[in-house]
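Have a look at the structure below, then the notes.
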Amino acid sequence: MAAPGYGKRSAPDQAARDRRTFAHLPEREAHIAAHIDRLPDGAAIDVKTLAKELAAYGQHAIRTALNALAQAGHLFRHRGTVGEGRTQWVFRSYFSRTPRSEAWWKRFLKGDAPKPQPEAEPAAPRSEAYEALAALGSADPRLPLSAAECEDLEPLAAEWLARGIPKARLIGILSAGLPGEIHSPAAFTRKRLLTKLPPEPPRPTPPARPAVLSECANCGTPGRPEALPDGLCHSCHGAPAPRQPAESARSRTQAAAAAAARAAHQAGRARFLARPERAAGQANSSPSSSGPRAMGAGR
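Here the sequence shown stands for residues 109 to 407, where the numbers follow the numbering used here.
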């Protein structure tokens with residue numbers, strides 16, 4: 109440490125330390141500046157002390173580097189007397205991570221250094237819809253829109269972009285065929301955005317899912333997965349066979365009724381043929397071997 113009052117003095121309102129703090133300096137100056145920046149206030153930063161702490165550089169190199177840091181605004185050395193009424197002169201060294209101008213250092217020594225202004229927050233990036241509306245005034249002087257009007261019309265313009273209209277084409281559509289005089293550019297642009305809005309593009313039809321068939325893990329019978337619980341068919345799973353459709357049951361009922369009707373018809377015919385008078389009639393009507401000869405003999 110230096111004698112009290114003669115060591116490093118840090119300037120106020122410095123930027124935060126990061127890897128690029130001294131990136132604008134040459135390698136040697138950046139190395140020495142980073143070393144001084146890490147030293148506490150009151151530490152000795154004279155040439156001999158720094159040459160002992162930084163073995164890579166001699167006193168001549170340290171002195172040259174300190175002069176370069178002073179020119180860059182990181183170091184300011186002020187020569188003044190030790191105290192009031194004393195004639196001894198000394199150098200006091202001030203260091204700033206943020207480079208300062210000579211005018212700033214002089215005002216700082218007088219106690220009226222300007223306070224740093226807060227950094228303005230970066231503006232949020234504008235959307236393509238806003239940029240298209242803001243460019244209308246450049247495309248045609250009859251359509252100048254203010255920032256507030258662009259923000260108000262931004263959702264309508266965004267709908268055009270969502271429907272596949274590029275920004276350049278949107279600007280061309282809104283600025284084409286304008287009348288000779290436009291009293292309200294914002295109202296005129298709103299009307300065009302509403303009346304000329306293109307239709308929504310057709311949605312693509314999702315591809316049909318191919319039918320998926322599985323096989324019974326036991327017998328290999330093919331079927332849909334929902335018809336093969338646990339990977340087994342109804343027969344192998346021990347479950348009752350599925351009920352037949354109503355159409356099959358009705359067909360079986362009609363077939364049974366037809367069979368019953370045929371059986372009744374056959375039974376009725378058999379009873380009819382078995383009646384006695386029917387049997388006698390058949391006997392009388394049948395020809396005998398002697399009948400014709402007898403009739404002939406009578407003649």
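Quick reminder that beta carbons are idealized off the backbone N, C-alpha and C, glycines included. Given the structure is predicted, the values throughout are model-derived calculations rather than measurements.
{"Item": "Does DSSP put residue 331 in a helix, in a strand, or in coil?", "Value": "strand"}
{"Item": "Start and end of the alpha helix (DSSP H) containing residue 258?", "Value": "255-270"}
{"Item": "Grab the span of the alpha helix (DSSP H) containing residue 410 for me, first residue to last.", "Value": "In the structure as shown, the chain begins at 109 and stops at 407. Residue 410 is therefore absent and cannot be evaluated."}
{"Item": "Looking at residue 279: is its Cβ nearer than 8 Å to the Cβ of residue 306?", "Value": "no"}
{"Item": "In the DSSP assignment, what residue or residues form a beta bridge with residue 165?", "Value": "Its beta-bridge partners do not exist; DSSP assigns none."}
{"Item": "Check the DSSP bridge columns for residue 201 and list the partner residues they point to.", "Value": "185"}
{"Item": "Is the CB-CB distance between residue 201 and residue 117 below 8 Å?", "Value": "yes"}
{"Item": "Per the DSSP calculation, residue 236 is bridged to which residue(s)?", "Value": "According to DSSP, which records beta bridges pairwise, residue 236 is partnered with nothing at all."}
{"Item": "Rounded to the nearest angstrom, what separates residue 290 and residue 311 at their Cα positions?", "Value": "38 Å"}
{"Item": "Please report the distance separating the alpha-carbon of residue 399 from that of residue 362.", "Value": "Below a pLDDT of 50, predicted positions are generally treated as unreliable, and residue 399, at 45, falls in that range; no measurement from the model is reported."}
{"Item": "Under the DSSP definition of a beta bridge, which residues are partnered with residue 292?", "Value": "In the DSSP output, where bridge partners are listed per residue, residue 292 has none listed."}
{"Item": "What residues in its chain sit with their C-beta under 6 Å from that of residue 213, if we drop five residues either side in the sequence?", "Value": "184"}
{"Item": "Is DSSP giving residue 137 helix, strand or coil here?", "Value": "helix"}
{"Item": "Looking at the unbroken alpha helix (DSSP H) that takes in residue 219, where does it start and where does it end?", "Value": "First-last for residue 219: undefined, no H or E at that position."}
{"Item": "From 267, 115, 248, 133, pick the residue whose C-alpha is nearest to that of residue 206; which is it?", "Value": "133"}
{"Item": "So, are the CB atoms of residue 301 and residue 264 less than 8 Å apart?", "Value": "yes"}
{"Item": "Tell me whether residue 400 sits in a helix, a strand or coil according to DSSP, three-state version.", "Value": "In this prediction, residue 400 scores a pLDDT of 46, lower than 50, which makes its location untrustworthy; no coordinate-derived value is stated."}
{"Item": "Under the rule that 16 or more other beta-carbon atoms within 10 Å means buried, what is residue 203, buried or exposed?", "Value": "buried"}
{"Item": "Only counting the same chain, and skipping five residues up and downstream in sequence, which positions put a Cβ closer than 7 Å to that of residue 234?", "Value": "none"}
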